[in-house]
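Colleague:
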Amino acid sequence: MSELILPKRVYYTIFAILLLCTYLTWQLAYFDLGPLNTVAALGIAVFKSVLVVLFFMHAKYSTRLTWVVGIAGVFWLGILLALTMGDYLTRGWVN
Amino acid sequence: MPLPPQHYLNNGYGVKSWLLTRDHKRIALLYLAAVTFFFFIGGAFAVVIRLELATPAGDLVSDETYNKLFTMHGVMMVFFFLIPVIPAVLGNFLVPLMIGAKDLAFPKLNLASWYIYMLGGLFTLYALVTGGVDTGWTFYTPFSTVSSTTKVIPTALGIFITGFSSILTGLNFIVTIHRMRAPGMRWFRMPLFLWSMYATSLIFVLGTPVIAITVLLIAAERVFQFGFFDPARGGDPVLFQHLFWFYSHPAVYIMVLPSMGIVSEIVAAFCRKQVFGYEFVAFSSLAIAVLGFLVWGHHMFIAGESVYAALIFSILSFLVAIPSAVKVFNWTATMYKGSISWDTPMLYAIGFIGLFTVGGLTGLFLAAVGLDVHVTDTYFIIAHFHYIMVGGTIMGYLGGLHYWWPKISGRQYNEALAKLSAGIIFVGFNLTFFPQFVLGYLGMPRRYHAYPPEFQVLNVLSSAGASILGVGYLIPMVYLMWSLRYGKVAGSNPWGATGLEWTTTSPPPTDNFTQTPIVTQEPYVYPRVEGRVA
Amino acid sequence: MPELAHHHPALAHQFENLAQQKEASTLGMWVFLVTEILFFGGLFATYCVYRHWYADAFTAASRELIVWAGTTNTAVLITSSLTMALAVRAAQTGERRLLMTLLAATMALGCVFLGIKAFEYYSEYIVHHVPGPGFQFEAEHYRHAQLFFSLYFMMTGLHAIHMIIGLAVMAVMWWLSYRGIITAEYYNPVEVSGLYWHFVDIVWIFLFPLLYLIGRHAH
Amino acid sequence: MYFFLVAIAAFFSLLIAGLIVYYAVKYRRRAPDAVGTVVHGGIVLEIAWTVIPLLISMVIFVWGASVFFAMSRPPEETMNVYVVGKQWMWKFQHLDGEREINELHVPVGRAVKLIMTSEDVIHDVFVPAFRVKADVLPGRYTHIWFQPTKPGRYHLFCAEYCGTRHSGMIGEVVVMEPSDYQAWLSGGAPEGSLASAGEKLFADLACNTCHRPEAQSRGPVLQGLFGKTVTLQTGETVVADEAYIRESILNPSAKVTAGFQPIMPTFQGLVSEEQLLELIEYVKSLR
Ligand code: HEA
Ligand code: HEA
Ligand code: CUA
Ligand SMILES: [Cu+2]
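Residue numbers (the numbering used here), protein chains in the order written: chain V, 183 to 277; chain L, -8 to 525; chain S, 97 to 315; chain Y, 423 to 709.
1. Following a CB-centred definition, is H440(L) positioned closer than 7 Å to any heavy atom of ligand 6?
2. Of all the CB atoms in chain S, is at least one closer than 8 Å to the CB of H169(L)?
3. Taking A241(S) and A157(S) to be in contact with their CB atoms under 8 Å, please state how far apart those CB atoms are, rounded to whole angstroms.
4. Would you mind stating whether P275(L) and V266(L) have Cβ atoms separated by less than 8 Å?
5. Reducing DSSP to helix, strand and coil, say where P690(Y) ends up.
6. State the CB to CB distance for the pair C207(S) and L263(V), rounded to an integer number of angstroms; the pair is presumed to be in contact (CB under 8 Å).
7. Following a CB-centred definition, is W510(Y) positioned closer than 7 Å to any heavy atom of ligand 3?
8. From I77(L) to G276(S), what does the alpha carbon distance come to, in whole angstroms?
9. My guess is that V299(S) and F154(S) are in contact by the Cβ rule of under 8 Å, so how many angstroms apart are they, rounded?
10. Taking 7 Å as the cut-off, is the CB of V529(L) close to at least one heavy atom of ligand 4?
11. For the alpha helix (DSSP H) containing K318(L), list its first residue and its last residue.
12. With 7 Å as the C-beta to C-beta threshold (strictly closer), list the residues of the region 272 to 304 of chain S near chain V in chain order.
13. Please determine whether the Cβ atom of G710(Y) lies at a distance below 7 Å from any heavy atom of ligand 3.
14. Could you check what DSSP says for R575(Y) in three-state terms: helix, strand or coil?
15. Can you list, in chain order, the residues of its chain whose CB lies under 6 Å from that of G198(L), leaving out five sequence neighbours each side?
16. Given this structure, state the Cα-to-Cα distance separating A200(S) from K93(L), to the nearest angstrom.
17. Given 7 Å as the limit, tell me if E287(S) has its C-beta closer than that to any heavy atom belonging to ligand 3.
18. Per DSSP, N502(Y) forms a beta bridge with which residues?
19. Can you grab the Cα-Cα spacing for the pair H527(Y) / R553(Y), in whole Å?
20. Can you give me the C-alpha to C-alpha distance between A101(S) and V466(Y), rounded to a whole angstrom?
21. Does G260(V) get closer than 8 Å to chain L when you measure Cβ to Cβ?
22. If you measure from each CB to the nearest heavy atom of ligand 3 and keep those under 5 Å, what residues do you get, in chain order?
23. What span of residues does the alpha helix (DSSP H) with Q117(S) cover, start to end?
24. Per the contact definition of three or more C-beta pairs closer than 8 Å, is the region 419 to 431 of chain L in contact with the region 1 to 17 of chain L?
25. So with CB distances below 7 Å, who are the chain S contacts of P498(L)?
26. Return yes when at least one heavy atom of ligand 1 lies under 7 Å from the C-beta of G354(L), else no.
27. Pick out whichever of A79(L), V317(L) and L452(L) has its Cα sitting closest to the Cα of I469(Y).
28. Tell me whether F292(L) counts as near ligand 1, meaning its Cβ is closer than 7 Å to at least one heavy atom of that ligand.
29. What does H365(L) touch in chain Y if you count any residue whose Cβ is under 7 Å from its own?
30. Could one say the Cβ of F209(S) lies closer than 8 Å to chain C's Cβ atoms, at least one of them?
31. Measure the alpha-carbon distance for C629(Y) versus A492(Y) and round it to whole angstroms.
32. Quick one: grab the DSSP three-state call for W713(Y).
33. Three Cβ pairs or more, each shorter than 8 Å: is that satisfied between the region 130 to 138 of chain L and the region 204 to 224 of chain L?
34. Mapping the DSSP letters down to three states, classify M181(L) as helix, strand or coil.
35. Alpha carbon to alpha carbon, how far is P547(L) from I32(L)?
36. So with CB distances below 8 Å, who are the chain S contacts of S670(Y)?
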């Protein structure tokens, strides 16, 4: 069994970053950055979840297969969103 | 030759030993009983549909009843029969045997998935006996959410629940195939059936959750009046179709891939020959599973999706046909210079290849947008998918059932009767569904309870074919049951086939193998018998 | 295969050894999480479409949500993820008391989250933001704001159900630790439940900006 | 195109079926323990039967796509008919006010464009003889067009399942010689053209209090609006088509025209689908 015991420090550091990000995304929401608001909000969310996945869920220290599985999930979500929006964004182009 | 003294069937009797079993082989049989039950319910609906359509006037049943008939026919056949049938019956039975494991990775989950399936089935049966549903198996909104007054919610919940049984089965197979292969069983030493089960499981896992949330939204929309798909509240009915087909197109590959796996096994076994282009067949399963997710919009060409989306979905649909073509050609090439025996499973496999080809090629008609406009929502579609699902998948399933029946039951069925019914099914099938291609091209719309008189001749042909087909399906029921008691004992490898499942006794012991097998070579290697090469 | 030296009581018959069992159940959980991604994916797709169509109404409606509650809840959940991660670590090192404390803390935080959520639901109920015949909103965005709130309740509601399931799982884990079944040798159940808990956290990490934040700045 | 595809399908079906049967007979098992000859896979063959179907299918794709493109672009000059689907009947409105139910009269030789919407669920107009079909959605306008070439009566089906009487939601397209068509037109009770009905509504609903021909009104000038590109408050632009006018009436605040306040009330629930079509036709007629 691959015993992997991370030092507690890692968890605390990640936790601190996550809280910081939460504060940041909350405050940023009140500034008008144009379309960047959405980008920032989602970018921070992605960053946060990547941290959770890598450290809290130990993906960083897991097998390749785990990576493949996780990425596949996100990729298929991407297919769903991309092709669906592909329809909505091109509606009414031909008339 | 007697049956082996100890096997999974005589390891405990009584209801409890079955209903609480964790043995994948017994669970497979539980599934077998359940799916057969649902098949005959769905089939009974089909019988009434065909009877009604024998005359142009809507005289046998009312229009309301007719709509419920084809809806329940579609729902039963798709969600409760064809999707689970091969994975949950033959897959459950064979996956551990074929990779040389004692059981699936999660036996309790496996049993749970059967109960979940039954619970979903009960919901749907409840909907059925308390009035039925009339939305079509596609549940298009806003009809299903604001207009229909029938039992949409219990049916939706039934499908929602059953979805989890699919997910658990798929998850179980994926983990089992990754983690439980016997020593030496490398990926490229796996039988092709396992590749197809693996590909199917991917679709289960990636697609099913989306249908789950979609039918949940339907139920929520009816209960809470949410309006996601109701234009009167700002929603878009076409969005529902996107979500529905995101699952339901890949689902058609759930239905056909396992059957393709079976055909690969049968063709190899009855030609006594390695499958031609093994790697290509294996990878084409994965390719179908992946590409299958990119084409769902081809069900919506005229439904109000954008023209560009239609074109993209069209071209992708052609791409997904290529791996299917690869498979068909490879099977044919496998037969070249084989030592082909004409046993029943092989007859079914040949039937599969032929009918699947017809069904698949007509799929190309539909994928060509310009042509689909004319034939969509007509009997052409009905014929297309029955060719693949009935002519293809069910043929493959019956082939597999016959092929592994000696392994499952330890006994042989009556070969003459089996050949006869295979013949009847083939003839009845073509008579039922070929006329429907013509009907569709002439413009007869689907889901019609009455139709203009000029379509009658073809409809009568189709109804006649259906009755032949029905008889063809009943015969195997009889002789397979009969063989359980009176069939002659089969021995562990009646076909002289390769594969780990044939190395253990028939029926296999509860733990499958007395010793964990060690695999040393590729699949389908038939030893040369001195000087007797055909 | 020769039997392995130690035959742990928790080893199920179909596995050769504990390592194989652990790998199998971890993989199983990851695969399950993938299905969860796509389950929520259907909702995300719905959200994208309507946010795209009705940007103004969605902005107006999202401004009605209680940000401080959402933000606090995010922090609460993140903290519970920390206690969860530490709980797994405690299980690995075999510190049983600590493990039980941390699991209890995780559950407590989960309850706080649900409490705040319930408070939010209640506030929205008071101001007639629950979709249906009683829904009230400024006339200009009435219909589409209702769509937003439908999505809001659907998404957060499903998330809350996942939280409740998570709490039940944690309760079982606590019981297992209490009974001494979880040991440094066999801690896999805790680890796998942890994966689930973190996943539910991640879903919220996305729901928070999507529902509460985007579009808040205007005005 | 259909027959080209039938030919391809027949060719491959027969090829496969032929080969299978031929092999099955030729290589049938001669001795009970005989095994097959080992034939190793051929990469050339594999590539060939990957690439050839790919090429064939791309040909089909391009062909199908171009047919589809032609279908989705009506010619410049069309005779427009509005269609409203409703459980379970078809309502047709000709521009000059003629209304029909479940029957559509058109002259031979003219390109006809149907502008379709639904009052309740999704329906679908399908005229097999003209090879046209399109879903009819509530809350939206979809279009098809066709050019009848021979007088006669043709089936019109509802091809999207829409409830109990779906199979009864049928009608006929009656194609007439232009002279007969004129006679038919004048035979019906003239209720005034669609646009004039719309004009009356426009006054009844008090639209004209805000929308006047002069530039300084409370609402934008609608003269010449149709087909123009409108700039919105958000800076985006939209083309003023039927869908846009419809939305402006039902949900005015969704797309607010640049330079105006969102003061226009919604007419959701006040006007029926048919009245909407009249209003739209009226706005279109304002040149
Ligand atoms: C098991 C089920 C199954 C399978 C496998 C398929 C396979 C395919 N289907 Fe089918 N389909 C259905 C079940 C299935 N379908 C159902 C149920 C519906 C209707 C749902 C409803 O509305 O109720 C439907 C509807 C449907 C439509 C929508 C029609 C409409 O509603 O307007 C389309 C359109 O593109 C389509 C296309 C295809 C294609 C391209 C394939 C391809 O995968 C086929 C690939 C196979 C081959 C091509 C044959 C083998 C190849 C050769 C012999 C070599 C020669 C090949 C070339 C030259 C390329 N199908
Ligand atoms: C796995 C899928 C599957 C299977 C196996 C079948 C099998 C059959 N189907 Fe089905 N069919 C669908 C899936 C399937 N179908 C779907 C998804 C639809 C679309 C639904 C929709 O539009 O929403 C459809 C629609 C459909 C229609 C179109 C209805 C319409 O649009 O109006 C027709 C019409 O002929 C039809 C016929 C048949 C026939 C004759 C069989 C035969 O193969 C059946 C043969 C079986 C038997 C005959 C049973 C044998 C048993 C007995 C004879 C005993 C009888 C017992 C009692 C009476 C107690 N089907
Ligand atoms: Cu209207 Cu079918
Ligand atoms: Cu499809």
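Where is the CB? At the ideal position from N, CA and C, for every residue including glycine.
Modeller: Taking the geometry as given:
1. Of the ligands one can find in the structure shown, namely ligand 1, ligand 2, ligand 3 and ligand 4, none is ligand 6.
2. Taking the first residue of the second sequence as position 1, residue 169(L) is located at position 178. It does; some Cβ of chain S falls within 8 Å.
3. Locating residue 241(S) in the third sequence gives position 145, where the first residue counts as 1. Locating residue 157(S) in the third sequence gives position 61, where the first residue counts as 1. A Cβ-Cβ separation of about 4 Å places A241(S) in contact with A157(S) under the 8 Å criterion.
4. As a working note, residue 275(L) is residue 284 in the second sequence. As a working note, residue 266(L) is residue 275 in the second sequence. The sequence given here has Ser at residue 275(L), not Pro. Taking C-beta atoms as the reference points, S275(L) and V266(L) fail to come closer than 8 Å.
5. In the fourth sequence, the residue the question calls residue 690(Y) occupies position 268. Note that residue 690(Y) is Gln in the sequence shown here, rather than Pro. Reduced to three states, the DSSP call for Q690(Y) is coil.
6. Along the third sequence, read from residue 1 onward, the residue named residue 207(S) stands at position 111. Along the first sequence, read from residue 1 onward, the residue named residue 263(V) stands at position 81. Between L263(V) and C207(S) the Cβ distance is about 33 Å, and since that is not below 8 Å, they are no contact.
7. Residue 510(Y) sits at position 88 when you count from the first residue of the fourth sequence. Within the cutoff, so yes.
8. Locating residue 77(L) in the second sequence gives position 86, where the first residue counts as 1. Locating residue 276(S) in the third sequence gives position 180, where the first residue counts as 1. If I take the Cα positions, the gap works out to 42 Å.
9. Start at 1 with the first residue of the third sequence, and residue 299(S) comes out as number 203. Start at 1 with the first residue of the third sequence, and residue 154(S) comes out as number 58. That pair is no contact at about 19 Å.
10. Outside the displayed span of chain L (-8 to 525) sits residue 529(L), for which this structure offers no information.
11. As a position in the second sequence, residue 318(L) is number 327, starting the count at 1. K318(L) -> alpha helix (DSSP H) spans V298 to M326.
12. Cβ contacts with chain V: L291, H294, D297, I298, I301 and F302.
13. Lying outside 423 to 709, the shown extent of chain Y, residue 710(Y) is not represented and no answer is given.
14. As a first step, residue 575(Y) must be located in the fourth sequence, where it is residue number 153. Per DSSP, reduced to three states, the secondary structure at R575(Y) is strand.
15. For this step, residue 198(L) is matched to residue 207 along the second sequence. Correct list, in chain order: Y238 and P241.
16. Residue mapping note: residue 200(S) aligns to position 104 of the third sequence, counting from 1. Residue mapping note: residue 93(L) aligns to position 102 of the second sequence, counting from 1. Going from the Cα of A200(S) to the Cα of K93(L) covers about 38 Å.
17. Reading the third sequence from its first residue, position 191 is the one you call residue 287(S). No, ligand 3 has no heavy atom inside 7 Å of this Cβ.
18. As a working mapping, residue 502(Y) is identified with position 80 in the fourth sequence. K535(Y), per the DSSP bridge assignment.
19. The sequence position of residue 527(Y) within the fourth sequence is 105, counting from 1. The sequence position of residue 553(Y) within the fourth sequence is 131, counting from 1. When rounded, the distance between both Cα atoms is 18 Å.
20. In the third sequence, the residue the question calls residue 101(S) occupies position 5. In the fourth sequence, the residue the question calls residue 466(Y) occupies position 44. In this prediction, A101(S) has a pLDDT of 43, which is less than 50 and means its spatial position is unreliable; nothing more can be read from the coordinates.
21. By one-based count along the first sequence, residue 260(V) stands at place 78. G260(V) does not count as touching chain L.
22. Around ligand 3, the residues whose beta-carbon falls short of 5 Å from at least one of its heavy atoms are H545(Y), C580(Y), C584(Y), H588(Y) and M591(Y), given in chain order.
23. Within the third sequence, residue 117(S) is the residue found at index 21, counting from 1. For Q117(S), the uninterrupted alpha helix (DSSP H) run begins and ends at L114 to W149, by DSSP.
24. The region 1 to 17 of chain L, when compared against the region 419 to 431 of chain L, does not touch it at the 8 Å Cβ threshold.
25. As a working note, residue 498(L) is residue 507 in the second sequence. Here the premise fails: no neighbours, minimum Cβ distance about 18 Å.
26. Here residue 354(L) refers to the residue found at position 363 of the second sequence. For G354(L), the shortest separation between its Cβ and any heavy atom of ligand 1 lies below 7 Å.
27. Mapped onto the fourth sequence, residue 469(Y) falls at position 47. Ranking the options by Cα distance to I469(Y), first place goes to V317(L).
28. As a first step, residue 292(L) is located in the second sequence; it is residue number 301 there, counting from the start. Indeed, a heavy atom of ligand 1 lies less than 7 Å from the Cβ.
29. As a first step, residue 365(L) must be located in the second sequence, where it is residue number 374. Correct list: R553 and K555.
30. Of the protein chains in this structure, namely V, L, S and Y, none is chain C.
31. Translated into positions along the fourth sequence, residue 629(Y) becomes position 207. Translated into positions along the fourth sequence, residue 492(Y) becomes position 70. Rounded to whole angstroms, the separation of the alpha carbons of A492(Y) and C629(Y) is 38 Å.
32. Because chain Y here runs from 423 to 709, residue 713(Y) falls outside it and cannot be looked at.
33. Contact between the region 130 to 138 of chain L and the region 204 to 224 of chain L is present, because at least three Cβ pairs lie under 8 Å.
34. The residue you call residue 181(L) lines up with position 190 of the second sequence. Reduced to three states, the DSSP call for M181(L) is coil.
35. What is shown of chain L runs -8 to 525, which leaves residue 547(L) out entirely.
36. Taking the fourth sequence and counting its residues from 1, one reaches residue 670(Y) at position 248. Result: empty, since nearest Cβ-Cβ is about 14 Å, beyond 8 Å.
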